[in-house]
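Worksheet: one structure, shown below.
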Amino acid sequence: MATYAGKTTVIIGGTHGIGLAIAKLLLARGAKVLLTGRRPEPIAEAKAALVSISATNVAVVQFDVTAAPGAALAELQAAVEAHLGPGCAIDFLFLNVGYASSCFAPLMKPGGSILFTTSTSIAYGAPGMAVYSASKAAIYSFLQTLAAESAAAKPEGDEEAVRVNAISPGFVDTPTMGTIGISEAEKEMFV
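Residues 1 to 191 (the UniProt record's numbering) make up the sequence shown, in order.
This is how it looks when you write it as structure tokens:
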């Protein structure tokens with residue numbers, strides 16, 4: 001079993017579903033985790049679930065990257081330092097919300113990983129999924145450019161570039177499923 005002791009993880013948009021599952025796994029394996037969400041109730045629920053795994057290595061904070069993208073870097077850096085330690089660089093950045101992600105790059109440790117959540121819907125069409133699929137395809141295109149820029153900006157010496165990748169799960173029964181406009185019959189077909 002892999003251990004993540006001493007690794008710092010930030011999960012943007014992780015109060016439920018895949019983001020919360022990743023937080024639980026990494027926390028159980030020793031990582032320090034800072035998880036963000038926008039709404040107070042899911043934040044409280046996520047915090048209760050995570051604190052039961054480790055009360056010392058987790059922070060769950062309210063953070064809306066879409067509210068003021070220009071201030072996102074300073075706000076996130078302050079949260080990371082307040083909850084995970086001064087001068088702490090991020091080893092793993094999971095973006096379930098891709099908006100303004102490029103502003104987080106300066107907080108990354110050399111050789112760290114930025115991971116976007118996209119969807120298998122970028123590869124095929126499904127009725128009622130046009131906007132959702134297009135938004136996930138745009139994120140995938142964006143991350144390809146960010147990966148190329150990161151590789152081109154590789155530091156001198158032995159330091160590695162920050163890696164930028166995606167996970168593209170199929171349909172997962174999360175609260176988001178109810179917001180993308182598919183019927184219960186279609187949901188049963190995909191989940």
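Glycine included, C-beta positions come from ideal geometry on N, C-alpha and C.
Item to check | Nearest-angstrom Cα separation, counted from residue 78 out to residue 116 | outcome: 22 angstroms
Checklist entry - Measuring CB to CB, does residue 9 end up less than 9 angstroms from residue 26? => result yes
Next on the checklist: Quick check on residue 116: does DSSP put it in helix, strand or coil?
Outcome noted: strand
Checklist entry - Given a threshold of 16 other Cβ atoms within 10 Å of its Cβ, counted over all protein chains shown, does residue 60 qualify as buried or as exposed? => result buried
Checklist entry - Given 8 angstroms as the limit, is there contact between the segment 149 to 162 and the segment 124 to 137, that is, 3 or more CB pairs closer than that? => result no
Next on the checklist: Let me check one thing: in DSSP terms, what residues is residue 163 bridge-paired to?
Outcome noted: 113
Next on the checklist: Taking 9 angstroms as the threshold (C-beta atoms), are residue 170 and residue 120 in contact?
Outcome noted: yes
Next on the checklist: For the beta strand (DSSP E) containing residue 34, name the first residue and the last one.
Outcome noted: 32 to 37
Checklist entry - Smallest Cα separation from residue 141: which of 157, 127, 123 and 128? => result 123
Item to check | residue 84 and residue 13 closer than 9 angstroms at C-beta | outcome: no
Checklist entry - In whole angstroms, what is the alpha-carbon distance linking residue 54 and residue 92? => result 18 angstroms
Checklist entry - Considering only residues of the same chain and omitting the five flanking positions on each side of residue 129, which have a CB-CB separation below 6 angstroms? => result 121
Checklist entry - So, using beta-carbon positions, are residue 46 and residue 35 closer together than 9 angstroms? => result yes
Item to check | Span of the beta strand (DSSP E) around residue 59 | outcome: 58 to 62
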